[in-house]
Each structure stands twice: as C-alpha cells, then as structure tokens.
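In our numbering, each residue carries its 1-based index in the sequence shown increased by 776. By construction, the Cβ of each residue, glycine as well, lies at the ideal position given by its N, Cα and C atoms. Predicted model, so just to flag it, every value in this text is computed and none were measured. Okay, structure first, notes after.
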Amino acid sequence: MKKILPFLTSLKIDPKKLPKHIGIIMDGNRRWARKRGLSVTEGHKAGAKNLEIIIKHCQKIGIKHLTIYALSTENWRKRSKTEVMGIFNLLLDIFRKWKKDYSSQGVKFFVLGNFQAFPFKVRDAIKNTLKLVLDKERIKFNVALNYGGRDEIIHAIKDIIKDSIPASKINEKLVSNYLYTKGQPDPDIIIRPGGEFRLSNFLLWQMSYAELYFSKVLWPDFGPAQLEKAIYWYQQRDRRKGK
Ligand code: FPP
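Below, the structure is given as structure tokens:
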C-alpha cells in the first residue's frame, strides 16, 4: 500500500532531508492589515493565527526545531504605545492558550530574549508556559521576544566572563552553549516573508551556514503551502558548508 505523506502540496519534498531547524522572521502584519482597512492589532492577530497553523504543520511534517522572530529589541521600544499594548494583550491570550494546548501536543516551548522587562501579567503567562511538562516532545518551539542577535552575543560574553572561563577554553562550541539556543542545532534555513531582503539582527551567530529564503508574501498569508515551497527550495540547494 502506498504510504500517505503528510505534505499538503505535490512538491517532491524528501521527508528524509528536511531541515532540522527552521527560523522565520514574521514580517508584513501591518501591511496585510492596511490593505484590508483593518487596524494594526488585527494584522498582528492574523499573524498570530497563521503562526499557530505553521507550528501545527511543522509538527505534522516532522520539523524538530522552529524559531520565530516575534518581537525585536527595537520593535517594542520604537512602536506606538497602542501597537505595543495590542501586542502584549495578544501575547497574553496566546500564552494562556498555549499553556492549555502544548503539553498534550508535544510542543516544548522556549523564549529567546529578555522578557523580564515586559508587564507582570505577560511575564507570568510566559513563565507558566515555559514550565510545562510534556507527555512526549515532538517539536522545540523558540519564540524570540525582545530579542536581538547582537544583544544575545553580548549577553553570552558577559556570562562567559562571569563564569571566569579562560581564553584558551573559548571556542565555537562553548560560545554556542552560552546562547539562548543552547543545546539546539543551528537553523538550516531562515525564511523571511514580507518582501524585505535583510536579516534584522536575527540569530546572527547561529545562521552562519543557513540558507536564506525571501518571499514577497506577507506573513499572515504565508501558510503551509508557502512553507513547503520554501522547504522544497531548500532541498535543491547544494549545502557545501565550505567544502
Ligand atoms: C512584523 O510585522 C510583526 C511584528 C513586529 C509583531 C509580531 C507579533 C505578534 C504577531 C504577536 C504575537 C506573537 C506571538 C509569539 C504569537 P510588521 O508589524 O513589521 O509589519 P509591516 O512590515 O507590514 O510593518
């Protein structure tokens, strides 16, 4: 009997050569909303809804690590109060929902970044989700919140100094172990929907050998079929890694 594959599209994706770790820069929520005459918060809501669909699809097809850039160190300092409040309220709803759903779905949740500066309620909801114990882990899901790649490297350097590590012991493996992604493989592919061709301070250390995929599709419309297109594209790349 022919085995039914979990993929949505007819693209010839090789299930044995899936990226282990996918990083996504969610971009285009506000433009998506403006095009429809909706508020910025509605755009972020649509983005969050799409994120849930993408996490489920990643689980279904067998991706083991997913990292999402949700909020940069600059975003929440530089955007209007109304927008930031809208994002915090959304985060609150989402984390409460995830707390209910994720242990049974096997989603192990991590935060990359410093969320200590967030309002108490949001911090509390995040901490409760982080504490979840799973029946069976299927995917590691990292959310970058108040995250910046340079900030992460500075944080690592400070911790290395605090731990009095001698210069002779400092190597790539050691530095990787001081980053927020400690113990996880580097991303194989970074996906940026939304039409911009930049990396915006995302996973600067970890993306050294990642394939970079850019798409014009705005994040709320970047669904499972778009994700499969990116994975298929990734599988056509010749990953020499310096060889
Ligand atoms: C990028 O689009 C999106 C953001 C800066 C915020 C995203 C935050 C959420 C969707 C909140 C939910 C978070 C989680 C973890 C579910 P943009 O606002 O830069 O859009 P634009 O490029 O069209 O201006």
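State the beta-bridge partners of residue i as determined by DSSP.
i       : result
Val883  : Ile915
Phe990  : Arg968
Gly799  : Thr843 and Ile966
Tyr1008 : Tyr1008 pairs with nothing; no bridge assigned.
Leu888  : Ala920
Ser976  : In DSSP, Ser976 forms no bridge with anything.
Ser848  : Tyr923
Who are the Cβ neighbours of residue i in its own chain at under 6 Å, not counting the five residues just before and after it?
i       : result
Gly971  : Lys992
Gly819  : Asn805, Arg806, Trp808 and Ala809
Tyr1008 : Leu787 and Ile789
Tyr985  : Lys1017
Asp736  : There is simply no residue 736 to check, as the chain begins at 777 and stops at 1019 in what is shown.
Ala1006 : Ile967 and Tyr989
Asn904  : Lys875
Ordered along the chain, which non-local residues of its own chain (more than five positions away) have a Cβ less than 7 Å from that of residue i?
i      : result
Asp935 : Tyr954
Val860 : Trp852
Val887 : Ile902, Leu906, Val919 and Leu921
Phe998 : Asn826, Pro969 and Ser991
Arg872 : Ala901
His931 : none
Ala893 : Asn922
Asp803 : Arg968, Pro969, Gly970, Glu972 and Trp995
Ser976 : Ile801 and Ser848
Residue i and residue j: beta carbons closer than 8 Å?
i       : j       : result
Pro1000 : Lys796  : no
Ile801  : Phe978  : yes
Gly799  : Pro963  : yes
Leu868  : Phe917  : no
Gln1011 : Lys793  : yes
Leu908  : Tyr878  : yes
Leu980  : Ile929  : yes
Leu781  : Glu1004 : no
Phe864  : Val898  : yes
Gly889  : Tyr923  : yes
Ser880  : Asp911  : yes
Quick one: residues in its chain with C-beta nearer than 8 Å to the C-beta of residue i, no 5 flanking neighbours on either side, listed in chain order?
i      : result
Ile915 : Ile831, Cys834, Gln835, Ile839, Lys840, His841, Leu842, Gly882, Val883 and Lys884
Leu950 : Ile936 and Ile941
Lys821 : Leu866
Phe973 : Phe990
Would you mind listing the beta strand (DSSP E) stretches within the segment 895-958 that are 3+ residues and don't spill past its ends, in chain order?
Runs of the beta strand (DSSP E) inside the segment 895-958: 915-923.
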